[in-house]
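In this note's numbering, the protein residues as written are 2 to 489. Okay, so here's the structure we're looking at.
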Ligand SMILES: Cc1cc2nc3c(=O)[nH]c(=O)nc-3n(C[C@H](O)[C@H](O)[C@H](O)COP(=O)(O)OP(=O)(O)OC[C@H]3O[C@@H](n4cnc5c(N)ncnc54)[C@H](O)[C@@H]3O)c2cc1C
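Listed below in structure tokens is the structure:
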């Protein structure tokens, strides 16, 4: 089964650092066992007759199923097939795993689909991306992105030597490839990815050639160190269902003179071309579409938990609670509506791809940065202190104070045991380190939300909205002038 192959493939000499130690057998390490077991199950879905049609497609009519993030959509049906596959993986993980590689794979698929247009950036682009796309698709490569540069001094650019030497840059060109040095800030899923899609982030000046690149870097490249944040995985599965199974590790990357072979150097040396690739609409539409489709499962999950909490302690009859529960439903419907609209109003773009309408997806991504923190706030308001009125362990239900446990923890509509289980699940989502990381993730995963909203304004054709205003004012002043003339 593919899940097992995936786990085996991670013992490839990569350098993953956690708590001061280099991890030797990732799948056996307690920080990763639950998460990797979850991913193993998802990968196996591509081999199982009951699920492979939902999450996969058959490239070139072969017998083998590949994940639908590699499907180049040529019609609305194709796009909806991609959507259904993202939704299925998200629902399988209750929206708790956002970087199951389907985002980065979609980016690669978009570049591949737009390769003829993108070849104007570099004549070798077509060959490089085609080879890589097929390799990734046919070998189920797990991919993630590492785009953002480390936070050192955000007020400074590459003219500051401290920044220039730490941001990823080329130190040498060889016949085999380029040698790069520097760090990347966050890559989710880094310890168990096969390859990193790495690109420079800022709009560099044309002279900043050494810092401009788009690369595909294998996770086991010599000199690449994957430095994990603290693990939020919790082996106490009964008390921390989410942390135990769905902890997506984030890591910083140190690239200490890493050789990137030429065939993995998609672009290098021209900041304007790198920017053009990063702004490619085909790739962005496909990748950002994944971002918002997976988001629905998360909103549905937190809404379900909030409804259950409200019911368990019977606060759902109060008007202000009902108002908040209704707000959660509007969040889901707005998100679903935007996705549906983006798909139905999609169009065949210049690359021949049926691409979802990007402006709706941008809106969904932007509003999503506010929805999830608000949903967490509502859950807190509905459950009050109940989230800390739970015992440290479910074990107390089976020990000497069992009778009192059943008596004092009872809810309105549920048994004491179910109520404690529910509130512990809710706490894992809103109060645990795992939960806090999710709130941070939704605020920032799509970039700085402030600049993202501003970009939505800056990139829009504003005259469609302002023209009627100027027309109204013009007509009003003409009416005013004519009434002045007609009233001596
Ligand atoms: C949990 C998590 C997982 C992530 N996973 C990934 C991943 O897998 N791959 C990946 O590539 N990235 C990932 N990211 C990184 C993410 O893309 C960045 O966090 C995001 O782009 C914001 O950048 P920053 O964190 O550097 O914040 P900064 O850009 O440093 O912003 C910090 C604050 O300063 C303000 N600010 C900074 N610079 C400016 C400016 N020039 N103008 C105006 N305001 C400014 C911002 O508005 C913000 O309030 C992840 C982030 C999180 C939190």
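We put the beta carbon where it would ideally sit given N, CA and C, even for glycine.
Can you check which of these residues, the options, is closest to residue i by C-alpha distance?
i: residue 251; options: 264, 260, 85 and 234; result: 234
i: residue 242; options: 95, 485 and 477; result: 95
i: residue 168; options: 122, 255 and 87; result: 255
i: residue 179; options: 164, 213 and 208; result: 213
i: residue 166; options: 156, 220, 150 and 216; result: 150
i: residue 347; options: 335, 334 and 362; result: 362
i: residue 10; options: 31, 323 and 37; result: 37
i: residue 206; options: 432, 403, 160 and 329; result: 160
i: residue 100; options: 291, 200, 471 and 221; result: 291
i: residue 413; options: 153, 476 and 316; result: 316
i: residue 365; options: 226, 384, 4 and 457; result: 457
i: residue 273; options: 313, 300 and 209; result: 209
i: residue 43; options: 183, 337 and 93; result: 93
i: residue 265; options: 283, 128 and 282; result: 128
i: residue 32; options: 229, 118, 376 and 113; result: 229
i: residue 395; options: 383, 418 and 382; result: 418
i: residue 22; options: 388, 227 and 453; result: 227
i: residue 446; options: 296, 124 and 3; result: 296
i: residue 390; options: 409, 343 and 382; result: 409
i: residue 334; options: 323, 304 and 322; result: 304
i: residue 336; options: 51, 427, 35 and 88; result: 88
i: residue 462; options: 177, 443, 476 and 360; result: 360
i: residue 386; options: 369, 432, 400 and 399; result: 432
Per DSSP, residue i forms a beta bridge with which residues?
i: residue 219; result: 196
i: residue 189; result: 251
i: residue 16; result: 226
i: residue 214; result: 269
i: residue 282; result: DSSP lists no partner for residue 282.
i: residue 23; result: 18
Am I right that residue i and residue j are in contact with their C-beta atoms under 8 Å? What's the rounded C-beta distance?
i: residue 185; j: residue 147; result: 4 Å
i: residue 203; j: residue 270; result: The Cβ separation is near 16 Å, so there is no contact.
i: residue 171; j: residue 222; result: Not a contact, Cβ separation roughly 15 Å.
i: residue 79; j: residue 72; result: 6 Å
i: residue 293; j: residue 339; result: 7 Å
i: residue 218; j: residue 200; result: Actually they are not in contact, since the Cβ atoms of residue 218 and residue 200 sit about 11 Å apart, beyond 8 Å.
i: residue 268; j: residue 275; result: 5 Å
i: residue 225; j: residue 16; result: 6 Å
i: residue 244; j: residue 429; result: 6 Å
i: residue 309; j: residue 459; result: About 42 Å; that fails the 8 Å criterion.
i: residue 97; j: residue 247; result: 4 Å
i: residue 76; j: residue 57; result: At roughly 18 Å, the Cβ-Cβ gap does not stay under 8 Å, so residue 76 and residue 57 are not in contact.
i: residue 377; j: residue 328; result: Not really, about 13 Å apart at Cβ, beyond 8 Å.
i: residue 343; j: residue 325; result: About 28 Å; that fails the 8 Å criterion.
i: residue 375; j: residue 257; result: Not a contact, Cβ separation roughly 42 Å.
i: residue 189; j: residue 145; result: 6 Å
i: residue 322; j: residue 415; result: Between residue 415 and residue 322 the Cβ distance is about 17 Å, and since that is not below 8 Å, they are no contact.
At 4 residues or longer, and completely inside the region 299-368: list those alpha helix (DSSP H) runs for me, N to C.
320-345
Considering only residues of the region 114-187, which uninterrupted alpha helix (DSSP H) runs meet the minimum length of 4 residues and lie entirely inside it, listed in chain order?
Listed in chain order, the complete alpha helix (DSSP H) runs (minimum 4 residues) inside the region 114-187 are 116-119, 126-139 and 162-167.
Which residue spans inside the region 407-464 form an unbroken alpha helix (DSSP H) run of at least 4?
417-431, 434-445 and 450-459
Which full runs of the alpha helix (DSSP H) of 4+ residues lie inside the region 45-94, going along the chain?
53-56 and 77-93
Completely contained beta strand (DSSP E) runs for the region 221-272, where each covers 3 or more residues:
Runs of the beta strand (DSSP E) inside the region 221-272: 225-229, 251-262 and 266-269.
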